[in-house]
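Protein chains in written order, with my numbering: chain B, 1 to 204; chain A, 205 to 408.
A virtual CB, placed ideally from N, CA and C, is assigned to each residue, including glycine.
Notes for the one structure printed next.
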């Protein structure tokens, strides 16, 4: 069984978006595979008592500047969303429905779907909490929209998200992106180089 | 006049310590000089409403692990202080007394004093709020202890710290370390590589 990087991300997290565009290459270069773990930071913040980054005085303004500057450095489009932050429950459920699917074709769409949702929100400024936008994203990947819509109200899919968030908290996840590799946690898009050095060197 | 990097740091900030050990080399490699700007995050947090990193559930445990792991990667000694965080008022005043001093020999001790205070706190676990510890640090650098002690209760030195903190907040500083280069802000030890790329490329 190949070694894995657990990649925890919230669809409303700008740094999650930036990291999601790099994580596969880093995993591949270090002979790991990515386990996509969409979570809801809103639920996590209830435990940790944190507030969204952009809401703190001074820090908020810096953050929005930094999202844009860091995206530019990665040559990614970024427009800070008007509706922000959001709780992308349906997008998380759809991602888990793909990831946990018995149909391998659907399973293989987990990463492309993640990228498409993130880009819809942060590059194209679409409201990814809207069922129409999610349907559009799904359709662009050849996913059958009525099948996905039905899955989103399936109790097992709802439970999958609840479990995913509970397990994340139990594993000490408190932010997005957060990577766990062989028990070692790395938090933030700006920790990915360090994680890569860790993988390459076997730790220090 | 040479170009400068304003380096804002709190003596109770682990990432400030880690960054302080790298900032001079980065500045030198990019033909900048460092302006040492000790601040009190306690005063800043009153404005931003933040709480110390280590006090948040989940995030706190991760942070302490991360301080140690990042220090190890930089080959620096790090033992998380028992008394933490602290408000290192006297250490800040002493640093500003050196930095603003007319005596160039004392002025030149600003950086060595900063390093010595940080190492006393984070490597040797000494209580840098204690006058005896500060005196010991000063003496190790050949600073006349009674002269420094007198300066610390001088109104102009007290005012210098108040002004430094007020200006930091006015400039949008909300954390430690924070670097401002030609109006561009970079926050965190993990943003130093990005700052270096910014300096080398002229921005993006």
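| Asked | Found |
| --- | --- |
| Residues within the region 249 to 278 of chain A neighbouring chain B, beta-carbon criterion of under 7 Å | 251, 252, 253, 254, 260, 261, 262, 263, 265, 266, 276, 277 |
| Beta carbon proximity, residue 220 of chain A to chain B, threshold 7 Å | no |
| Interface residues of chain B facing residue 376 of chain A [CB-CB closer than 8 Å] | 58, 61, 62 |
| Residue span of the alpha helix (DSSP H) that contains residue 164 of chain B, given as start and end | 155 to 170 |
| Pick from B:136, B:26, B:174, B:134 that is closest to residue 46 of chain B, judged by C-alpha positions | B:174 |
| Under 8 Å by beta carbon: chain A residues contacting residue 190 of chain B | 392, 394, 395, 398 |
| Backbone secondary structure at residue 209 of chain B - three-state DSSP | Look at the range of chain B in this structure, 1 to 204, and you will see that residue 209 of chain B is not part of it. |
| Reference residue 275 of chain A, options A:218, A:339, A:360, closest by Cα | A:218 |
| Beta carbon of residue 152 of chain B nearer than 7 Å to that of residue 30 of chain B | no |
| Reduced DSSP category for residue 241 of chain A - H, G, I as helix; E, B as strand; rest coil | strand |
| Contacts around residue 43 of chain B, its chain only, beta-carbon distance under 7 Å, and the 5 residues preceding and following it disregarded | 165 |
| Per-residue DSSP class, three states only, for residue 113 of chain B | helix |
| Sequence-distant residues of its chain with Cβ nearer than 7 Å to residue 8 of chain B (five each side left out) | 37, 39, 168, 173, 176, 177, 178 |
| Residue 204 of chain B beta carbon less than 7 Å from that of residue 277 of chain A | yes |
| Nearest-angstrom Cβ-Cβ length linking residue 228 of chain A and residue 315 of chain A, presumed shorter than 8 Å | 7 Å |
| Beta bridge counterpart(s) of residue 284 of chain A as assigned by DSSP | DSSP lists no partner for residue 284 of chain A. |
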